[in-house]
Amino acid sequence: MIPAEIIKIKRNGGSISKTDLKTFVDGFTAGKISDAQMSALFMAIYFSGMDNDEIFMLVKLMLDSGQKMDFSHLESYVADKHSTGGVGDKVSIILGPLLAAAGIAVPMISGRSLGHTGGTLDKLETIPGLTTEISLEKFRQQVDSIGISMIGQTQEICPADKKMYSLRNATGTVESIPLICGSIMSKKIAEGIQGLVLDVKIGSGAFMKTIKQGRELGELLKRIGEDFNIRTDIIYSNMDQPLGKTAGLWCEVAESIDALRGAGAPDLMELTFELGAKLLLQAGITSSRATAIAIQQDLISQGKAWDKFIEMAGAQKGKTAGLEKTSSFHIPRHEKLFYAHKSGFIQSMDTTRIGLALIELGAGRKNSSDNVDPTAGMVFFQKLGAEVKTGEPLIRCFNSNSRKLEIALNYLKPTFRIGSDKTAYSLIIVKK
Ligand code: URA
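Written out as structure tokens, the structure is:
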């Protein structure tokens, strides 16, 4: 069918046939469907949604755009973790090596920054020399030999998601359950994993703002995983504030390095261990959640998770000498404090706004071709519920472009609601 006619079907709320969806996914991957046509279809999907048959078809077509890994020759359990996207969410950088140190093989395919949320690849690539663009053969060998590799979508694996991901980012079409399902699950299924844990984020800094939306997404992701024979666990976690102490590029890697070396922020470690426990239980390494958490704590305190991280970074051409001296890398040229506008308890944060201010700083992209600034980021001094005084610093913002720094600070102004009552907050919303 003519592409514009397929777009009109979805625009008018209809279902797209398998043949027509294939025309779009294959045609776009091959450069025969233009960015303009695909953007229009994304917007139509954003408004009209997709039924489950269409969503499963979308996942399959995106998966089939590239190769699928096979790790069945490995004795170890092969598994991965993925998040639906948040601010300050650096869990993958910590949990990947931690799981590999526990004996689980982790062939992780991640993404770049998406919407207001940060991207694991952009963060990892701030490690001098490190590349996340490696051949599938090298990816396989690295998982075989050291138990972990962290890469992005390539021409060989998930090329449809590679192109669709950056187009969604540039066209305001990220927050769509069908498109999120296609993007996440095509990557995870292509990894050839046996098990998966998904961190479905809910709250002011997530794509899913309400528990109802989060559950709808989580249940669908689980059904897709299980349909492709992947044991899939879901944790619903709170994204009403940034995770950990920092958000941005190198600063998040630095925080992850501290975490791998035993000095992680409490909320960051709680979530990391909860997610990791699901996979340790799946792998049969233990049958107790408490033991699964203790195993992970030991791997960190014995330095084994850190060693695995260094081994992985080195295998991907990262220059790892002295990496633990995190303040010696990517020193920002400019920094400014953002202050509390009144006294009281921090009742809420518009965490999406924080993510958008990070883009203004240079930690994310407005257009697909934008370069990111590795020095850009924020350090957060207070969490939800903290009592603060007028004029007290809440965030330190930094980057290497003073004009962008001013724009970001200005953008942050309406972020915090401060009032006289303390509101309740719980990091883990539901473990399933
Ligand atoms: N992570 C992805 O890989 N894709 C999405 O759409 C959202 C989060």
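This note's numbering puts the sequence shown at residues 70 to 501.
Built from N, CA and C at the ideal position, the CB exists for glycine as well.
Original post:
At what residues does the alpha helix (DSSP H) containing Ile379 begin and finish?
Top reply: Lys373 to Ala384
Original post:
Given Val322, which residues of its chain have a CB within under 8 angstroms of its CB, disregarding the five upstream and five downstream residues?
Top reply: Lys159, Ile162, Lys192, Leu193, Thr195, Ile196 and Thr395
Original post:
Is the beta carbon of Val448 sitting closer than 7 angstroms to the one on Arg465?
Top reply: yes
Original post:
In whole angstroms, what separates the C-alpha of Gly345 from that of Ile354?
Top reply: 11 angstroms
Subject >> Proximity test, Gln249 beta-carbon vs the ligand URA heavy atom, cut-off 6 angstroms >> reply: As written in the sequence, residue 249 is Ile, which differs from the Gln given in the question. Yes, since a heavy atom of the ligand URA falls inside the 6 angstroms radius drawn around the Cβ of Ile249.
Original post:
Assuming Leu453 and Tyr494 make a contact with CB atoms under 8 angstroms, what is their CB distance in whole Å?
Top reply: 5 angstroms
Original post:
Just how far apart, CA to CA, sit Lys291 and Ile299?
Top reply: 9 angstroms
Subject >> Inter-stretch contact (C-beta, 8 angstroms, three-pair minimum) for the region 104–117 and the region 215–225 >> reply: no
**OP:** Tell me whether Lys411 sits in a helix, a strand or coil according to DSSP, three-state version.
**Re:** coil
Original post:
Counting along the chain, where does the beta strand (DSSP E) carrying Ile369 start and finish?
Top reply: Taken as a continuous stretch (DSSP letters only), Ile369 belongs to no beta strand (DSSP E), being part of the alpha helix (DSSP H) at Arg358 to Ser370.
Original post:
Can you check whether the CB of Lys473 is closer than 7 angstroms to the CB of Gly431?
Top reply: yes
Original post:
Would Ser179 pass as a contact of Leu190 if the rule is Cβ separation under 7 angstroms?
Top reply: yes
Original post:
How do the region 119–137 and the region 210–219 stand: do at least 3 beta-carbon pairs fall below 8 angstroms, yes or no?
Top reply: no
Original post:
Nearest CA to the CA of His410: which residue from Gly391, Tyr234, Pro483 and Ser438?
Top reply: Pro483
Original post:
Say the cut is 6 angstroms; is the CB of Thr153 nearer than that to a heavy atom of the ligand COA?
Top reply: Here the bound small molecules are the ligand URA; the ligand COA is not part of this structure.
**OP:** Please classify Asn506: does DSSP put it in a helix, a strand, or coil?
**Re:** A question about residue 506 goes unanswered here, because the residues of the chain that appear run from 70 up to 501.
Original post:
So what does DSSP say about Thr301, is it helix, strand or coil?
Top reply: strand
**OP:** For Lys435, collect the residues of the same chain with a Cβ closer than 7 angstroms to its Cβ; drop the 5 residues on either side in sequence, then sort them by chain order.
**Re:** Ile428
Original post:
Relative to the C-alpha of Lys91, which residue among Phe116, Ala109, Lys129 and Gly82 is closest?
Top reply: Lys129
**OP:** Give the range of the beta strand (DSSP E) segment to which Ile220 is assigned.
**Re:** Ile217 to Gly221
Original post:
For Asn121, does the three-state DSSP call read helix, strand or coil?
Top reply: helix
**OP:** Indicate whether the contact test is met: 3 or more Cβ pairs, each with one atom in the region 440–447 and one in the region 297–317, closer than 8 angstroms.
**Re:** yes
**OP:** With hydrogens ignored, establish whether the beta-carbon of Ser108 is closer than 6 angstroms to any heavy atom of the ligand URA.
**Re:** no
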